[in-house]
Amino acid sequence: MPEKTRCIIFGASGKTGQILSTRLSRNTYEIINVSRNVTATSHLPGRGYVADLNNTDSFKDLIRSNDIVINLAHARFTSAILECCPSSIRQLIVIGSTRHLTSFPDSAAKEVNHAQQQLEAWEGPWTILHPTMIYGALGENNIQRMALFIKKFKLIPLPNKGRSLIQPIHVEDVVTAILLAMDKQQCIHQSILIAGPKALTYKNFITKIAAASGSNCAVIPMNQTLVQILALLTRWVPFLPSITSQEVQRLMEDKNIDTSQMTQLLGLTPRNFEEGLTDLFASNK
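In this note's numbering, each residue carries its 1-based index in the sequence shown increased by 4.
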């Protein structure tokens with residue numbers, strides 16, 4: 005019997021990692037789930053491996069030739085993984101973010117850009133996938149946080165009259181993108197943007213969340229300064245998730261993503277936002 009290809013998942017205990025590990029178990033891979041805590045991945049298929057990505061000594065002997073390595077932990081850990089990664093592996097897949105396209109000063113965007121530069125300088129086979137806002141996982145923070153705001157306030161202030169664009173992608177489609185990118189020669193040395201099928205305005209985004217969660221709301225046009233002040237006040241309201249000033253800044257930025265590479269290289273057809281919301285709120289009942 006031929007030896008199974010090892011698939012090493014850094015960040016396997018996260019929401020995307022757990023879905024990926026489960027779906028990989030349906031294929032003929034030897035799965036190694038890497039996390040900082042042995043119990044965090046004990047329920048997942050495959051075997052667990054304890055490592056701290058801030059300490060390369062904790063996993064310096066883990067990666068071998070012909071392994072497939074997937075970094076879901078964070079793009080900033082790419083340098084640590086590359087330090088322990090022979091160029092003879094089958095493929096390294098890194099999850100970045102379309103946040104790296106922002107025109108605003110952003111430390112997370114700099115980390116993603118730095119990770120891509122390191123990959124481009126590396127001799128081994130790599131692929132970096134840049135998703136837009138990911139939603140749909142149980143306990144995720146984006147859609148459910150907005151649904152909580154809608155339920156409490158019914159009135160949502162937005163700059164630019166809510167006309168700025170957003171193009172979220174369902175977590176299952178992110179996992180599908182990873183699976184489609186694995187072992188495909190056309191995806192090697194490629195940076196691929198992955199997003200939902202079409203952009204929608206923030207106003208439409210919010211009204212669709214309201215409808216799917218069984219609430220209703222109205223969007224109030226407001227200038228950016230006032231929205232920034234309201235975002236600051238959320239830090240002091242009990243039982244309400246806070247909004248950062250950087251998040252308000254990004255509300256002004258269109259996230260209208262070119263998905264031609266996603267279609268051509270991956271052949272991915274992501275679900276529309278309404279379908280994704282239906283799945284999300286049905287799973288929460």
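Virtual Cβ for every residue (Gly too), placed ideally from N, Cα, C. Since this is a predicted model, take the numbers as computed values, not measurements.
Scanning the segment 14–101 from its first residue to its last, the whole beta strand (DSSP E) runs of 3-plus residues come out as 33–39, 51–54, 72–75 and 95–99. Residue burial is scored here from C-beta neighbours: Q171 has at least 16 other C-beta atoms within 10 angstroms and is therefore classed as buried. In the three-state DSSP reduction, T273 falls in the coil class, being neither helix nor strand. The continuous alpha helix (DSSP H) containing L152 extends over residues N146 to F157. In this structure, DSSP gives H118 a helical state, which the three-state scheme calls helix. I210 and A222 have their C-alpha atoms roughly 9 Å apart. Boundaries cannot be given for I261, as no alpha helix (DSSP H) includes it and DSSP labels it neither H nor E. Burial check for A199: the Cβ neighbour count within 10 Å reaches 16 or more, so the residue is buried. Take the alpha-carbon of Q95 and the one of W130: they are about 6 Å apart. DSSP places L197 inside the beta strand (DSSP E), whose first and last residues are Q194 to I198. If the five residues before and after A151 are omitted, its C-beta is found closer than 6 Å to the C-beta atoms of I213 and S217, all from its own chain and listed in chain order.
With a cutoff of 8 Å on beta-carbon distance, A16 and L57 are scored as not near each other. In the three-state scheme derived from DSSP, where H, G and I count as helix and E and B as strand, T136 is classed as coil. I160 is a Cβ neighbour of F153, given a cutoff of 8 Å. Counting only the Cα atoms, G52 lies some 9 Å from N41. Counting of Cβ neighbours within 10 angstroms places A79 among the buried residues, the total reaching 16 or more. By the beta-carbon neighbour count (other beta carbons within 10 angstroms, threshold 16), Q121 is exposed. A distance below 7 Å between beta-carbons, with the five flanking residues on each side excluded, links L86 to the following residues of its chain, in chain order: Q122 and W126. DSSP places A222 inside the beta strand (DSSP E), whose first and last residues are A222 to P225. Pairing N260 with E7, the inter-Cα distance amounts to about 43 Å. Annotated three-state conformation of R10 is strand, per DSSP.
With a cut-off of 8 Å on Cβ pairs, the segment 172–180 is in contact with the segment 17–26, counting three or more such pairs.
Distance between R68 and V38, taken at the CA atoms: about 15 Å.
Rounded to the nearest whole angstrom, the CA to CA distance from C11 to Y33 is 6 Å. Rounded to whole angstroms, the separation of the alpha carbons of L281 and H104 is 26 Å.
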